[in-house]
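Step one of this worksheet: look at the structure below.
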Amino acid sequence: MNLSEKYQSIRAYTEAICEPLQTEDYVVQPVADVSPPKWHLGHTTWFFETFILKPNMQDYTEFDPAFNYVFNSYYETVGARVIRTDRGNLSRPTVEEIYKYRKHVDAAMNEFLQKKLSKEIREIVVLGFNHEQQHQELLFTDIKYILGNNPLFPAYKADPKPANNDDFAPDSNHSFIKLEEGIYEIGYEGNGFCFDNELQNHPVFLKDFRIAKNLVTNGEYLEFIDSGGYKNFNYWLSDGWEWVKTNHVEAPMYWYFIDGKWHSYTLQGLQLLDLNEPVCHVSYYEAYAFASWKQKRLPSEFEWEAAANHFNWGKRWEWTESAYLPYPGFSKAAGAIGEYNGKFMVNQMVLRGASEVTSPGHSRITYRNFFQPNLRWQYTGIRLAQ
Ligand SMILES: [Fe+2]
Numbered sequence: 138m139n140l141s142e143k144y145q146s147i148r149a150y151t152e153a154i155c156e157p158l159q160t161e162d163y164v165v166q167p168v169a170d171v172s173p174p175k176w177h178l179g180h181t182t183w184f185f186e187t188f189i190l191k192p193n194m195q196d197y198t199e200f201d202p203a204f205n206y207v208f209n210s211y212y213e214t215v216g217a218r219v220i221r222t223d224r225g226n227l228s229r230p231t232v233e234e235i236y237k238y239r240k241h242v243d244a245a246m247n248e249f250l251q252k253k254l255s256k257e258i259r260e261i262v263v264l265g266f267n268h269e270q271q272h273q274e275l276l277f278t279d280i281k282y283i284l285g286n287n288p289l290f291p292a293y294k295a296d297p298k299p300a301n302n303d304d305f306a307p308d309s310n311h312s313f314i315k316l317e318e319g320i321y322e323i324g325y326e327g328n329g330f331c332f333d334n335e336l337q338n339h340p341v342f343l344k345d346f347r348i349a350k351n352l353v354t355n356g357e358y359l360e361f362i363d364s365g366g367y368k369n370f371n372y373w374l375s376d377g378w379e380w381v382k383t384n385h386v387e388a389p390m391y392w393y394f395i396d397g398k399w400h401s402y403t404l405q406g407l408q409l410l411d412l413n414e415p416v417c418h419v420s421y422y423e424a425y426a427f428a429s430w431k432q433k434r435l436p437s438e439f440e441w442e443a444a445a446n447h448f449n450w451g452k453r454w455e456w457t458e459s460a461y462l463p464y465p466g467f468s469k470a471a472g473a474i475g476e477y478n479g480k481f482m483v484n485q486m487v488l489r490g491a492s493e494v495t496s497p498g499h500s501r502i503t504y505r506n507f508f509q510p511n512l513r514w515q516y517t518g519i520r521l522a523q
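Per the working numbering, the sequence shown runs over residues 138 to 523.
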């Protein structure tokens with residue numbers, strides 16, 4: 138696929154994700170972390186308009202100069218913007234206008250991508266692809282939050298697969314993979330795309346360790362709940378214990394105990410909890426507490442990367458015990474693009490892998506995702522180490 142075909146296919150996938158939505162679903166922002174779908178549609182478009190078309194295409198006519206204020210996410214370099222918590226208060230621009238905005242930018246981009254482009258510009262275009270793919274995953278998680286916190290539990294898609302709630306096959310003390318003590322190369326090396334936070338490739342010394350072949354399942358997590366895991370401070374980090382008490386947390390997000398059975402909200406609607414599925418929507422605090430209840434721990438991000446060729450991954454973002462920090466030699470790009478990752482390297486934990494709603498072709502073994510330890514609306518799960 139050339140750049141222009143790739144552009145069209147990524148942009149079309151974003152709109153396909155929104156296809157099942159009703160107009161009202163596009164607008165609401167139930168909590169600060171969840172952006173309205175229409176904001177994602179506008180913001181990903183703004184990214185191409187701001188970083189590609191406006192600086193590089195001479196005859197480009199901006200769709201609406203006021204949109205910079207509305208669709209800039211966090212780029213101080215690019216000026217003032219609507220505060221994040223107010224994204225859901227914007228009844229205008231309308232969903233229809235935002236789709237027109239997308240068409241306007243798409244037409245200009247398709248023309249622009251026919252030209253001979255410098256390496257620097259091509260790199261920003263590819264960053265724009267990867268940026269839009271990140272927002273595609275956020276669209277799934279934000280849509281899930283919007284619909285899953287509606288008391289009617291509407292389904293996003295109506296093709297439920299039957300859940301397995303009776304036949305639980307515990308798997309915890311079984312298969313651990315052992316890796317030998319040694320020096321492992323960590324970080325991205327190659328000619329493809331990676332984010333700046335995956336650089337530089339560097340050696341890391343690891344003591345020998347074991348890492349679980351499989352993710353922790355709902356059934357295993359239920360054993361933690363049933364044995365009083367949420368009621369015993371011993372398993373929890375201090376911040377985590379405060380979080381449990383303040384928020385009265387008793388189970389992963391989207392779990393509901395109804396008529397004596399655990400259910401969970403899925404994109405297919407409210408379903409009986411599938412005990413053999415990997416646990417999902419847990420915070421770092423919960424992942425840590427589960428691991429300590431099991432007398433295990435979470436892997437470091439380096440252990441995860443060193444071992445990742447030995448197990449299957451890609452269903453859940455896997456919490457690691459590593460704080461999100463720059464690799465040795467990390468440098469950020471000049472200008473607004475330098476704000477992409479580097480400025481978030483404080484108070485967040487690294488997640489490795491990918492999830493079932495990560496866009497096709499968007500995952501890498503060196504990929505570093507990151508979230509605050511209390512957040513759990515992403516497809517987060519647990520892999521144990523020891
Ligand atoms: Fe963004």
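All residues carry an ideal CB built from backbone N, CA and C; glycine is no exception.
* To do: Kindly confirm or deny that the segment 202–213 and the segment 151–171 touch, where touching means at least three C-beta pairs closer than 8 Å.
  => no
* Span of the alpha helix (DSSP H), counted from its first residue to its last, around valine 232 -> 232–249
* To do: With a threshold of 7 Å, establish whether the CB of histidine 339 neighbours any heavy atom of ligand 1.
  => no
* To the nearest angstrom, how far is it from the Cα of valine 165 to the Cα of histidine 339? -> 43 Å
* **Classification of leucine 289 by the beta-carbon crowding that lies within 10 angstroms, buried from 16 upward** => exposed
* To do: Could you check the C-alpha separation between alanine 292 and glutamine 408 for me, to the nearest Å?
  => 10 Å
* To do: Using alpha carbons as the reference points, say which of Asn484, Arg453, Tyr391 and Gly365 lies closest to lysine 431.
  => Gly365
* Integer Cβ distance of arginine 489 from glutamate 458, believed to fall under 8 Å -> In fact, because the Cβ distance is near 11 Å, the residues do not count as touching under 8 Å.
* Can the beta-carbon of tyrosine 393 be found less than 8 Å from the beta-carbon of histidine 400? -> yes
* Asked: Sorted by chain position, which residues of the same chain lie with C-beta nearer than 7 Å to tryptophan 378's C-beta, five sequence neighbours on each side aside?
  -> Phe370
* Count the other CB atoms, across all protein chains shown, that sit within 10 Å of the CB of asparagine 209; report buried if there are 16 or more and exposed otherwise. => buried
* To do: Could you tell me which residues DSSP puts in a beta bridge with serine 401?
  => Trp392 and Gln408
* Asked: In angstroms, rounded to a whole number, what distance separates the CA positions of threonine 151 and leucine 178?
  -> 8 Å
* Per-residue DSSP class, three states only, for isoleucine 362 -> helix
* Pair every Cβ in the segment 497–511 with every Cβ in the segment 280–287, then say whether three or more of these pairs are closer than 8 Å. => no
* Going by DSSP, which residues form a beta bridge with glycine 518? -> Glu455
* Asked: Are glutamate 317 and aspartate 345 touching if we call contact CB-CB under 8 Å?
  -> yes
* List the endpoints of the continuous beta strand (DSSP E) containing alanine 349. => 346–349
* To do: Write down the C-beta distance between lysine 294 and glutamine 405 rounded to the nearest angstrom, noting that I regard them as a contact closer than 8 Å.
  => 6 Å
* To do: Check the C-beta distance from alanine 169 over to threonine 222 and give it rounded, since I have them as a contact under 8 Å.
  => 5 Å
* Is the beta carbon of aspartate 333 sitting closer than 8 Å to the one on alanine 470? -> yes
* Output yes if chain C places a C-beta closer than 8 Å to the C-beta of glutamine 270; else output no. => Among the protein chains of the structure shown there is no chain C, as only one such chain exists.
* Asked: For histidine 339, which beta-bridge partners are listed by DSSP?
  -> Ile323
* To do: Figure out for me which residue from Val341, Phe330, Pro192 and Ala522 has the closest Cα to the Cα of histidine 268.
  => Phe330
* Could you tell me the distance, in whole angstroms, from the CA atom of glutamate 455 to the CA atom of tyrosine 197? => 42 Å
* Indicate, with yes or no, if ligand 1 has a heavy atom lying under 7 Å from the CB of serine 172. => no
* With distances taken from CA atoms, which of Gly216, Thr231, Phe508 and Leu276 is nearest leucine 462? -> Phe508
* Output the distance between the C-alpha atoms of proline 389 and histidine 499, rounded to the nearest integer angstrom. => 26 Å
* DSSP three-state assignment for proline 174, whether helix, strand or coil -> helix
* **Through-space distance from phenylalanine 427 to isoleucine 519, alpha-carbon basis** => 9 Å
* Which value, in whole angstroms, describes the spacing of the CA atoms of asparagine 449 and serine 492? -> 12 Å
* Asked: So does histidine 499 have its beta carbon nearer than 7 Å to some heavy atom of ligand 1?
  -> no
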